[in-house]
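Numbering follows full-length UniProt numbering, in which position 380 of the sequence shown is assigned residue number 380; successive positions increment by one, without gaps. Ideal Cβ placement from N, Cα and C applies to all residues, glycine included. Source: prediction; values computed, not measured. Reviewing the structure listed below.
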Amino acid sequence: MSETTSTEKQKKPLLNGRRALPSNNSNAEENEVPEMEIFGLTPRGFNPKDYLHVVDIHLFKEPYEINKQQHHTDKYYSPKLIVRRGQPFQIQIDFNRPYKPGTDQFWLEYLIGRYPQQNKGTYIPVLVGDELKPGEWGAKITHKENNSIRLSVMSSATCIIGKFRLYVAISSPFGIFRTRRNAETDTYILFNPWCQQDAVFLDDEKEREEYVLNDVGVIFHGDVNDIKLRSWSYGQFEENILDACLFLMDKAELELSGRGNPIKICRVASAVINSKDNDGVIAGSWDNSYTYGVAPSVWTGSVDILLEYYSSRQPVRYGQCWVFAGVFNTFLRCLGIPARVITNYSSAHDNNANLQLDFYLDEEGKLDTKNTKDSIWNYHCWNEAWMSRPDLPVGFGGWQVVDGTPQETSDGMYRCGPTSVQAVKHGHVCFQFDAPFVFAEVNSDIVYSRRERNGAQVIEKIDMSHVGQLIVTKKIGSDGMMDITEEYKFQEGSDEERLALETAVMYGVKKQITQDTVYHPQTDVDMDFQVQKAILGSDFKVTITFKNKSLNYYSATAYFSGNIVFYTGVTKSEFKNHTFNVTLEPSSSSTFDVVIKSSEYLGELLDQASFHFFVTARINETGKILAVQKATVLEIPMLHIKTQGETVAGREMFVIVEFTNPLSQTLENVTLRLEGPGVLRTAKKEFRQIPANSALTWELKCTPKRPGLRKLIASLNCDALRHVYGELNVQIQKL
1 MSETTSTEKQ
11 KKPLLNGRRA
21 LPSNNSNAEE
31 NEVPEMEIFG
41 LTPRGFNPKD
51 YLHVVDIHLF
61 KEPYEINKQQ
71 HHTDKYYSPK
81 LIVRRGQPFQ
91 IQIDFNRPYK
101 PGTDQFWLEY
111 LIGRYPQQNK
121 GTYIPVLVGD
131 ELKPGEWGAK
141 ITHKENNSIR
151 LSVMSSATCI
161 IGKFRLYVAI
171 SSPFGIFRTR
181 RNAETDTYIL
191 FNPWCQQDAV
201 FLDDEKEREE
211 YVLNDVGVIF
221 HGDVNDIKLR
231 SWSYGQFEEN
241 ILDACLFLMD
251 KAELELSGRG
261 NPIKICRVAS
271 AVINSKDNDG
281 VIAGSWDNSY
291 TYGVAPSVWT
301 GSVDILLEYY
311 SSRQPVRYGQ
321 CWVFAGVFNT
331 FLRCLGIPAR
341 VITNYSSAHD
351 NNANLQLDFY
361 LDEEGKLDTK
371 NTKDSIWNYH
381 CWNEAWMSRP
391 DLPVGFGGWQ
401 VVDGTPQETS
411 DGMYRCGPTS
421 VQAVKHGHVC
431 FQFDAPFVFA
441 EVNSDIVYSR
451 RERNGAQVIE
461 KIDMSHVGQL
471 IVTKKIGSDG
481 MMDITEEYKF
491 QEGSDEERLA
501 LETAVMYGVK
511 KQITQDTVYH
521 PQTDVDMDFQ
531 VQKAILGSDF
541 KVTITFKNKS
551 LNYYSATAYF
561 SGNIVFYTGV
571 TKSEFKNHTF
581 NVTLEPSSSS
591 TFDVVIKSSE
601 YLGELLDQAS
611 FHFFVTARIN
621 ETGKILAVQK
631 ATVLEIPMLH
641 IKTQGETVAG
651 REMFVIVEFT
661 NPLSQTLENV
671 TLRLEGPGVL
681 RTAKKEFRQI
691 PANSALTWEL
701 KCTPKRPGLR
711 KLIASLNCDA
721 LRHVYGELNV
731 QIQKL
């Protein structure tokens, strides 16, 4: 006895005087549970085996058995029992003799963490009763046969999410006997969108299938005039992914008692998905330099990232917004929180939530790059998670914005959300968390201003509709695009939109009020431009159109600037500038073409082939300035995937990936990557060189594990060419 006490003393961490027990914030750690608790003295000849004891426990944990089928957890590649809270599950206990209800007494014990306490929900004794109460812990006997009993066990609808240890405790006149620690009976309990009492309850079956059970998705990128999409393998059911997701909460040191609350889980997860504060999952890089890691465009899904982090405990290099959002989506769906990836086109960033992006022009109307600090991202991806918000007034539950991309600090850490989408739409930015920041991302104005020689600042144009032009997500049940802009904002210019803006300003969002006297735009001349769609490596043209709506003759000096930009809107370099004079006849239109040659941009191009074109024109007669800016992306060639042989679960098949180099230069150090949940684990292949305009073929064998409609996703990556993707839907037949 004294030996045990001394080892326990060595193991026990030092207390700090503030609390009776140390923090219980690790699901992985355990305490030692005694197999026997003896009351006082035991009589001579006492033998515990004379009393009722457990011979075996059956959890019906195979994918085809009742528990995983009823709890929608049959897709998880795990030999353990995985159930959802607030819903009954079945277990069978085999005793050494028939169970006698009158005299025998037993109960179940579920424990989590190293310091289980009943009042914290980390030690749960489950007594056997006559009936189960919805959403409360309890157990009842449903069947007795010989030495076995079948139990229906109900977990609480607010239960902690994680991996519990199960013990069966039996009472005797002389003490309590428990089953031995057995990892085979560990039980994972997850959120339950099928349960009305659960905070994440979602009442539409098609939505549950999409936002909880779909392990492949589509992420939209490109720009608002040229929307592109790529598939992403969430892989939330793959082997060890559930353990990796639970580890993230350990890493974030979230108290176990808080892990039944989706609001808390989302808040800490949005910080731990990025590596900024706490060596979280993914290190971001936006400077086109990916030393000691891989380019964000290489990843085809979340599984490799989470498993690498789970084994190395080091941030995985590198990610950008769609990678953070893809991995966050896996985390949420894996734990049972309905989630989707959102893309906001023309997303305002680093504007200090003041609803204004300032673009400064010099005297001639050219963009003053030295003083212009704000930028507009071509697109930005974040997540929405579905939950009730009992911490907010009624009506603000439902979809919540959560964002793992590190942008601004919130309560001292790089994180964002959960923010009620309803609160953003109506301007109620006083409600936690981070609503002013999200409101600004979708509602900012672009202000073009010019400083005159006397120091006065003249506002030349205010563009109120450029930011947050389009907000989209994947359609339910297909790879199509669903426009959800109206969930975030009322129609531009409507009374409701103005009211939402006034509400946001009232609640403290900073908005610089512009006096009418300062702002007199040229209203009788319009200017716009269109960029011809072009494939990477080809020439294309930009067509600028002027429309004089007045009866006056005007002349103008126009300036065209073409820039290579990061998708965040930050300029890398100007590769083209062109000044030209324009004569504007009364009530007429005129067009001008600027030709962009591939030789002008190829040497400078960044990995998303993004351009930013800026056109300004000074009307000579009035001195007024017109300004228009647009982002555009080039068409990047696709990978082609096909299969050979029969596509049957459990049988070998062949996958072939093909690609043709479209550039007039040799591609060097090329990496191909292929994955498909349920079909094959990620495979990689290196190619030293792909000569100009030549083709490559990669053939590999795999044995699909799971029948049904599956998706193969491939990516190609090298310094000269990134964001090359391909995908194929494959119907895997049953054996």
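Excluding sequence positions up to five before and after R453, its CB lies less than 7 Å from no other CB in the same chain. For G326, the enclosing alpha helix (DSSP H) covers residues 321-335. In the three-state DSSP reduction, S78 falls in the coil class, being neither helix nor strand. According to the DSSP assignment, K68 belongs to the alpha helix (DSSP H) that extends over 66-70. Taking the C-beta atoms as reference points, V421 is found no nearer than 8 Å to N443. Note that the C-beta distance between Q400 and C334 is not below 8 Å. Where H578 is concerned, the enclosing beta strand (DSSP E) starts and stops at 571-584.
Taking 8 Å as the upper bound for CB-CB distance, S257 and P315 are not in contact here, some 28 Å apart.
In the displayed model, Q608 falls within coil according to three-state DSSP, outside both helix and strand. Scanning the segment 640-692 from its first residue to its last, the whole beta strand (DSSP E) runs of 3-plus residues come out as 640-644, 653-660, 667-676, 680-690.
The C-alpha of N669 lies about 18 Å from the C-alpha of Q608. With a beta-carbon spacing of about 23 Å, G569 and S270 fall beyond the 8 Å limit used to define contacts.
Here the C-alpha atom of K685 lies approximately 11 Å from the C-alpha atom of V657.
In the three-state DSSP reduction, E255 falls in the coil class, being neither helix nor strand.
When F540, R706, L721, A683 are compared, the shortest CA-CA separation from T660 is found for L721.
For K206, the uninterrupted alpha helix (DSSP H) segment begins and ends at 205-208.
As computed with DSSP, L229 is found in a beta bridge with F220. D593 sits in a strand when the DSSP states are folded into three classes. Comparing C-alpha distances from L626 to each of L536, I93, G365, T591 shows the shortest one belongs to G365. Three or more beta-carbon pairs separated by less than 8 Å are not found between the segment 197-215 and the segment 642-653, which leaves the two stretches without contact.
Bridge partners of K701 according to DSSP: F654. Pairing H71 with F95 gives a Cβ-Cβ distance that is not under 8 Å. For N240, the three-state secondary structure derived from DSSP is coil. When DSSP states are grouped into helix, strand and coil, V730 belongs to the strand group. Going by beta carbons, I219 and L306 fall outside the 8 Å limit. The beta carbon of N146 sits closer than 7 Å to those of P98, all from its chain and outside the five residues before and after it, given in chain order.
For N383, the number of other beta carbons within 10 angstroms of its own is at least 16, and it is reported as buried. CA-to-CA, the gap between T158 and K120 works out to about 12 Å. Under the three-state reduction of DSSP output, N344 falls in the strand class. Around the beta-carbon of Y64, fewer than 16 other beta-carbon atoms lie within 10 Å, marking it exposed. Classified as buried, L59 has 16 or more neighbouring CB atoms from the shown chains inside 10 Å of its CB. Burial is judged here by how many other beta carbons sit within 10 angstroms of a residue's own beta carbon; P296 has at least 16 and is buried.
Where H426 is concerned, the enclosing alpha helix (DSSP H) starts and stops at 421-426. Between I459 and I471, the C-beta gap is not smaller than 8 Å, which leaves the two residues out of contact. For a cut-off of 8 Å, the C-beta gap from Y725 to M653 is around 21 Å, too long to register as a contact. About 11 Å separates the CB atoms of Q629 and F611; that is not less than 8 Å, and the two are not in contact.
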